[in-house]
Structures are given as structure tokens and as C-alpha cells.
Amino acid sequence: MADLLMTLQTDLPVLGFAAFSGTGKTTLLVTLIPLLKEAGLRLGVIKHAHHKVDVDQPGKDSFRLRSAGAGQVLLASSRRWALMVEEEFETEPTLKVLLERLDASRLDLVLVEGFRHLHYPKIELHRQALGKPLLFSDDPSIIALATDDEPPAGLQIPWLNLNDPAMIRDFILHWLGDT
29 MADLLMTLQT
39 DLPVLGFAAF
49 SGTGKTTLLV
59 TLIPLLKEAG
69 LRLGVIKHAH
79 HKVDVDQPGK
89 DSFRLRSAGA
99 GQVLLASSRR
109 WALMVEEEFE
119 TEPTLKVLLE
129 RLDASRLDLV
139 LVEGFRHLHY
149 PKIELHRQAL
159 GKPLLFSDDP
169 SIIALATDDE
179 PPAGLQIPWL
189 NLNDPAMIRD
199 FILHWLGDT
């Protein structure tokens with residue numbers, strides 16, 4: 029794992045979930061996050077979106093302030109805060125840049141949904157019914173295959189049952205212990 033993380037230049041463990049659209053990445057993460065929290069992990073999540081994202085709501089004060097031209101708007105309450113930043117990038121920010129924005133001192137693990145074409149440790153999610161090809165044979169950074177089907181013959185990485193989040197949690201905890 030260290031070789032792959034050095035490319036990201038972070039000491040914080042990062043684990044991605046690589047899959048084609050419709051496989052259930054978010055659904056799995058929503059189930060998996062509470063299981064990992066119960067195990068005592070402090071988690072961060074980075075989700076890649078292929079479309080324009082706006083977490084602010086039209087008509088709200090923070091939206092109006094940002095629309096008026098503020099380059100950064102920090103909305104804060106006693107329970108949470110959110111920073112919205114307007115940036116004029118030609119391309120989307122890299123995973124490395126996004127990881128640098130997180131407060132690593134408050135995290136034990138960052139889970140990443142997306143960025144499947146980058147080389148960093150990932151679990152491939154695969155649903156047979158979608159008819160999509162497996163990714164692990166072309167991506168040496170995939171460390172396990174979670175599928176709703178039987179493991180492919182000759183599989184050289186761990187097989188996980190995609191419909192068993194506790195099994196996936198246990199794999200992640202074991203992987204973290206080895207890092």
C-alpha cells in the first residue's frame with residue numbers, strides 16, 4: 029500500500045471503491061460507514077461527481093452571498109460547518125488536491141467513491157446483472173473483488189460478498205491493520 033499512497037503523497041490510508049455506474053457504490057458506503065464507525069474509525073469520504081455539483085440551496089443566505097461574488101463562503105453552526113469555494117479550473121481537481129483539503133488529524137481512513145482510473149488501493153464492486161467487464165485484471169491497484177457472483181476462476185485477490193457489508197468491513201479492518 030505504501031507505494032500506491034506515495035503517489036498520492038499522503039500518510040492517511042485511502043481506500044477507493046471502483047465500479048461502473050449502477051453497481052451500488054453509494055448504497056454500500058451508506059451501509060458500510062456505520063459499521064466502520066462502530067469499529068472506532070474516524071472516516072472521511074470523497075465522492076467524485078461527473079456533473080456540476082452545488083450543495084448550496086438557491087434562496088438561502090449562503091447561496092445569495094456566493095452568487096453575489098464571494099469566492100469562499102463558510103457556513104457554520106454549533107453542529108457542523110461547510111465551506112463552499114468557487115474555483116476556475118480548466119479540469120476537475122485531482123484526488124491528491126482533494127485529500128489535501130481534508131483535516132487528516134481527525135481521520136483514520138478516507139473512503140473514495142470514484143476516481144477508478146487512478147492507481148491507489150481500491151475494492152472493485154461488480155454486479156453480474158449489469159453485464160459490465162471486471163476491472164481488476166487491468167488495474168493492479170485493486171486489492172479485492174466484491175461481487176454478487178461466485179469468484180472468477182484463478183482470482184489472485186481476495187473475493188468478498190458484495191451483499192455482506194460486515195465481510196467487507198472485516199476485510200477493510202484487516203487491510204488497515206496491515207498498513
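Residues 29 to 207 in our numbering are what the sequence shown lists, from first letter to last.
The C-beta atom is built at its ideal place from N, Cα and C for all residues, glycine as well.
Predicted model, so just to flag it, every value in this text is computed and none were measured.
- Query: Applying the criterion that 16 or more other CB atoms from any shown protein chain within 10 Å of the CB defines a buried residue, is residue 102 buried or exposed?
  - Reply: Per the 10 Å Cβ criterion, exposed.
- Query: Helix, strand or coil: how does DSSP classify residue 153 here?
  - Reply: strand
- Measure the beta-carbon distance from residue 144 to residue 163 and round it to whole angstroms, keeping in mind my assumption that it falls under 8 Å. 7 Å
- Hey, would you say residue 47 sits closer than 9 Å to residue 147, going by beta carbons? no
- Query: Given residue 70, which residues of its chain have a CB within under 7 Å of its CB, disregarding the five upstream and five downstream residues?
  - Reply: 134, 135, 136
- With 16 other Cβ atoms within 10 Å as the buried cut-off, status of residue 200: buried
- Message: Nearest by alpha-carbon distance to residue 39: which of 191, 128, 161 is it?
- Response: 128
- Could you tell me if residue 30 is buried or exposed, where buried requires 16 or more neighbouring beta carbons within 10 angstroms of its beta carbon? Annotation note: pLDDT 41 at residue 30 (below 50); position unreliable, coordinate value reported separately. So residue 30 counts as exposed.
- Query: Can you tell me the Cα-Cα spacing of residue 23 and residue 72, whole angstroms?
  - Reply: Only positions 29 to 207 of the chain appear in the structure, and residue 23 is not among them; the question remains open.
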